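Student:
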Amino acid sequence: MASSVKRFIPSYLYLISTLLFVGLSGFWVKGAFAQSVTDTIKDIQLPFHVTLEKNGDIRLAGLLFDPQSTSLNDLVKIGDRVTVRLLSDKPDRYGRKPAHMYLKDGRWVQGELVREGKATPFPYPGETAFIRDLYLLETRQAHSALSETIALDKFAIVEGRVIDVAVIKGTTYLNFGNNWRSDFTIKVSKKMQKKFRAFGFDFPTLKERDVRIRGWVFQQNGPMIAPEHPAQLEVIEK
Numbered sequence: 002m003a004s005s006v007k008r009f010i011p012s013y014l015y016l017i018s019t020l021l022f023v024g025l026s027g028f029w030v031k032g033a034f035a036q037s038v039t040d041t042i043k044d045i046q047l048p049f050h051v052t053l054e055k056n057g058d059i060r061l062a063g064l065l066f067d068p069q070s071t072s073l074n075d076l077v078k079i080g081d082r083v084t085v086r087l088l089s090d091k092p093d094r095y096g097r098k099p100a101h102m103y104l105k106d107g108r109w110v111q112g113e114l115v116r117e118g119k120a121t122p123f124p125y126p127g128e129t130a131f132i133r134d135l136y137l138l139e140t141r142q143a144h145s146a147l148s149e150t151i152a153l154d155k156f157a158i159v160e161g162r163v164i165d166v167a168v169i170k171g172t173t174y175l176n177f178g179n180n181w182r183s184d185f186t187i188k189v190s191k192k193m194q195k196k197f198r199a200f201g202f203d204f205p206t207l208k209e210r211d212v213r214i215r216g217w218v219f220q221q222n223g224p225m226i227a228p229e230h231p232a233q234l235e236v237i238e239k
């Protein structure tokens with residue numbers, strides 16, 4: 002069973018890292034739309050929807066949607082001046098553009114919420130910029146891949162050691178137990194493998210490596226997660 006990995010960033014490193022992330026955003030979002038604007042908050046709709054006076058509706062990018070969360074109210078209020086880095090000029094079906102938001106004192110709103118355990122990072126399509134940085138700030142503990150308490154049909158973060166990598170009819174399975182019919186498994190479709198390779202993943206080399214996966218758990222010969230983006234999978238370096 003893989004031991005839990007506790008991670009932290011000292012406050013001064015966190016500030017420096019945040020500044021570097023902003024400064025290097027052109028590298029992280031190569032070829033993508035990216036624009037920074039300063040504006041005033043006109044309205045707040047929980048959990049992560051903010052209306053700006055000049056730039057309209059935005060949604061805090063890279064955070065798992067949690068309709069019960071009220072934590073954004075702890076950081077911002079109507080009338081606050083904020084800087085937002087828009088990740089796209091195309092709004093979602095609710096008219097919101099994905100963005101990262103920074104307070105007047107320079108604090109990164111997503112980073113603060115994740116560091117305090119009040120939000121969970123998730124790489125939705127088009128929102129993978131800075132997702133690895135949010136993972137570094139994460140305090141939520143992952144389930145062991147060998148645990149019997151991994152709930153089905155719910156979001157989970159699961160970590161453990163890959164004991165076998167199997168390819169069956171073009172689909173790759175990362176197995177975490179000796180009984181593939183009941184143990185936790187990561188399933189990567191043939192189509193998704195191309196994206197994983199583009200991210201530098203070489204599945205055979207993951208055997209005997211500790212990894213962490215996040216996503217929605219379903220039942221298929223035991224609990225299983227089928228990632229839709231390579232950023233959902235992390236290799237744990239010890």
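First residue of the sequence shown: 2, per our numbering; consecutive thereafter.
Every residue, glycine too, gets a C-beta built ideally from N, C-alpha and C.
In this text the structure is predicted, and so the values were computed from the model without any measurement.
Which residues in the same chain as Gly96 place their Cβ atom closer than 7 Å to its Cβ, once the five residues preceding and following it in sequence are excluded?
Tutor: Contacts found: Asp58.
Student: Whose CA, out of Phe219, Ile42, Leu87 and Gly161, lies closest to the CA of Leu147?
Tutor: Cα-wise, what sits closest to Leu147 is Gly161.
Student: Please report the Cβ distance between Val163 and Leu175, rounded to the nearest whole angstrom; I am assuming they are in contact, meaning their Cβ atoms lie under 8 Å.
Tutor: Rounded, the Cβ-Cβ distance is 5 Å, consistent with contact.
Student: Confirm, please, whether the CB-CB distance from Val218 to Lys155 is below 9 Å.
Tutor: A contact, by the Cβ cut-off of 9 Å.
Student: Measuring alpha carbon to alpha carbon, tell me which residue in Gly63, Gly80 and Pro124 is nearest Asp44.
Tutor: Answer by Cα proximity: Gly80.
Student: So is Gly27 buried or exposed if we call it buried at 16+ other beta carbons inside 10 Å?
Tutor: Confidence in Gly27 is poor, its pLDDT being 32 and thus under 50, which makes the residue's placement unreliable; the coordinate value appears in the next sentence. With fewer than 16 other Cβ atoms within 10 Å, it is exposed.
Student: Looking at the structure shown, is Phe177 part of a helix, part of a strand, or coil, going by DSSP?
Tutor: In this structure, Phe177 counts as coil in the three-state DSSP scheme.
Student: Starting from the C-beta of Asn222, find all residues in its chain whose C-beta is less than 8 Å away, skip the five residues before and the five after it, and write them out in chain order.
Tutor: Around Asn222: Trp181, Arg182, Ser183 and Thr186.
Student: Let's test the definition: count the other Cβ atoms within 10 Å of the Cβ of Gln157 and tell me whether it reaches 16, buried, or not, exposed.
Tutor: Rather than Gln, the amino acid found at residue 157 in this sequence is Ala. Under this definition Ala157 is a buried residue.
Student: So what's Leu240 in DSSP terms, helix, strand or just coil?
Tutor: Any property of residue 240 remains undetermined from this structure, which presents the chain solely from 2 to 239.
Student: Quick one: using the 10 Å Cβ neighbour count with 16 as the cut-off for buried, is Phe200 buried or exposed?
Tutor: Phe200 comes out exposed.
Student: In its own chain, which residues sit with a C-beta less than 6 Å from the C-beta of Lys55, not counting the 5 before and 5 after it?
Tutor: Once the five neighbours on either side are set aside, the close Cβ partners of Lys55 are Asp40.
Student: Flag this pair as yes or no: are the beta carbons of Pro48 and Leu88 separated by less than 9 Å?
Tutor: No, these two residues do not count as a Cβ contact at 9 Å.
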